[in-house]
Amino acid sequence: MKVTEHVEYLLRQGRKPAELVELGFPQSVVTRARRQLRDEKTALQPKTTKGMPKANSGPQPSATSPVEVTPIEQKLASLESQTRELETRVEVLEAISTGLEDIEARLNGTPALRLRHRFKCHCGASGLVALHIQCTKCGGETWWGWFPKG
């Protein structure tokens, strides 16, 4: 079955268009199917002499057989479980994004960030830079940086 046929079937079963969109069906397909069903319904209703449609005298039989219902319900259940799985993945991604923003904020506060890539000496060397580091408690000194090889 095509997506449009699934949407039409679910609309005939009484599902609301908003519910189908929440399940992952494209809004344009749901709208198109809803309009098509509405047009079919008005075209099938007999007109009275004044041009008004007659009232329904009883329930209309379903256009699909019960054999077709089971695969559609299985597909719907599968879509619902996939939607729940995607929602949990989105939550994880949002948490990761928040963590990355925190890391980025900390890096932006780091002295000499990207200095290796920006530094170019008058001798022509680039990227070979070191910082003199001193412990502010004991006064111990060291150098951190990128030195020439060899």
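Going by the numbering used here, the first residue of the sequence shown is number -6, and it counts up by one from there. In this text, a Cβ means the ideal position worked out from N, Cα and C, and glycines have one as well. From a predicted model like this one, the values you see are computed outputs, not experimental measurements.
Margin query: Can you give me the C-alpha to C-alpha distance between His125 and Glu84, rounded to a whole angstrom?
Written below: Their backbone Cα atoms lie some 43 angstroms apart in a straight line.
Next item on the list: Could you tell me the boundaries of the beta strand (DSSP E) in which Gln127 lies?
Entry: Ala123 to Gln127
Next item on the list: With DSSP as the reference, label Lys68 as helix, strand or coil.
Entry: helix
Checklist line | Ordered list of alpha helix (DSSP H) runs contained in the region 80 to 112, each at least 4 residues | finding: 108 to 111
Notebook entry, point to check: Could you give the distance in angstroms between the alpha-carbon of Leu121 and the alpha-carbon of Arg109?
Noted result: Rounded to whole angstroms, Leu121 and Arg109 show a C-alpha spacing of 7 angstroms.
Note to self: Checking 7 angstroms against the spacing of the C-beta atoms, do Asn89 and Tyr2 come in under that value?
What the structure shows: Note that residue 89 is Ile in the sequence shown here, rather than Asn. No, they are not a contact pair.
Note to self: Give me the residue from Asp32, Leu69 and Gln38 with the minimum Cα distance to Arg8.
What the structure shows: Leu69
Next item on the list: With DSSP as the reference, please indicate the residues paired to Glu134 in a beta bridge.
Entry: Gln127
Note to self: If contacts are defined as beta-carbon pairs under 8 angstroms, then Ala123 and Trp136 qualify, I think. What distance do you get, rounded to the angstrom?
What the structure shows: Correct: roughly 5 angstroms between the Cβ atoms.
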